Structures are given as structure tokens and as C-alpha cells.
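Numbered continuously in the working numbering, the sequence shown closes out at residue 541. Step one of this worksheet: look at the structure below.
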Amino acid sequence: MGRKWSRGDCVIYRKSKRSRSPGPRAAHVNASSKGETYTYTVDKFWVVDQLLPEGQLLLRTSTGKTNVLAADDFNLRHASVLQRFLWRAKFQAAKKQCADHSES
């Protein structure tokens, strides 16, 4: 498949979560058999900070945290033009974190 990634690309990662109370951005919400917890997914808005060896990406969040994921992870995708516009504040904050990290 070989998706092409570049430094600075805006990406969306669909993260699986489990809790007692899903947040407002939760999607695909499913209750457990007894209804005490829920499993769901949340879209995370990150930016590619570095291309690492062995097909991995260093991704940076809007708060400066980092995540290392395989470039071919099926939960990872490029953000569309509309998504980059709708979530521009999150992507701009993540890009600023990348710039701040590269300067230090």
C-alpha cells in the first residue's frame, strides 16, 4: 500500500478507548454487556514531526506530546482539506509544537 508521509503532514488517528462516560467527540459508541462501561473511538489530530527508520512516524500533538506509530497503521490517515479547515486550531498548535521542538 505504501502511503507517502512527509514532515508537517496533518494526520488523523482513530484511537480506541474505554471509559464510563464517553466525551462529546466519541464515535462508534458501544455499551458493555452490563452497561457499566463503553468502548468507542475518538479522532486525534496530530502532525508528522519526523520520519523514523523502519517505517515509523514520530507524531506530535497540539500539547507537545509525541507518539510513535507505524506508517502503515490502518487507524492513521491524511487529513482532508475540509478536516484541516475544521480542525485548523488543533493542527496549527501541533505544527507550532513541532517548530518549537526543532528549535531547541
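Backbone N, C-alpha and C define an ideal beta-carbon position, used for all residues, glycine too. Please read these numbers as outputs of a predicted model, since none were measured by experiment.
Query                                                                                                       : Result
Taking K502 as the reference, give the member of A508, E491, L523 and K532 with the closest Cα.             : K532
Given this structure, state the Cα-to-Cα distance separating S517 from S469, to the nearest angstrom.       : 33 Å
For R497, list the residues DSSP reports as bridge partners.                                                : V484 and T503
According to DSSP, is K527 part of a helix, a strand, or is it coil?                                        : helix
Over what stretch of residues does the beta strand (DSSP E) that includes N467 continue unbroken?           : A464 to A468
Quick check on K452: does DSSP put it in helix, strand or coil?                                             : strand
In angstroms, rounded to a whole number, what distance separates the CA positions of W483 and P461?         : 19 Å
Buried or exposed, going by whether 16 or more other CB atoms sit within 10 Å of the CB of H465?            : exposed
Would you call L496 buried or exposed, if buried means 16 or more other Cβ atoms sit within 10 Å of its Cβ? : buried
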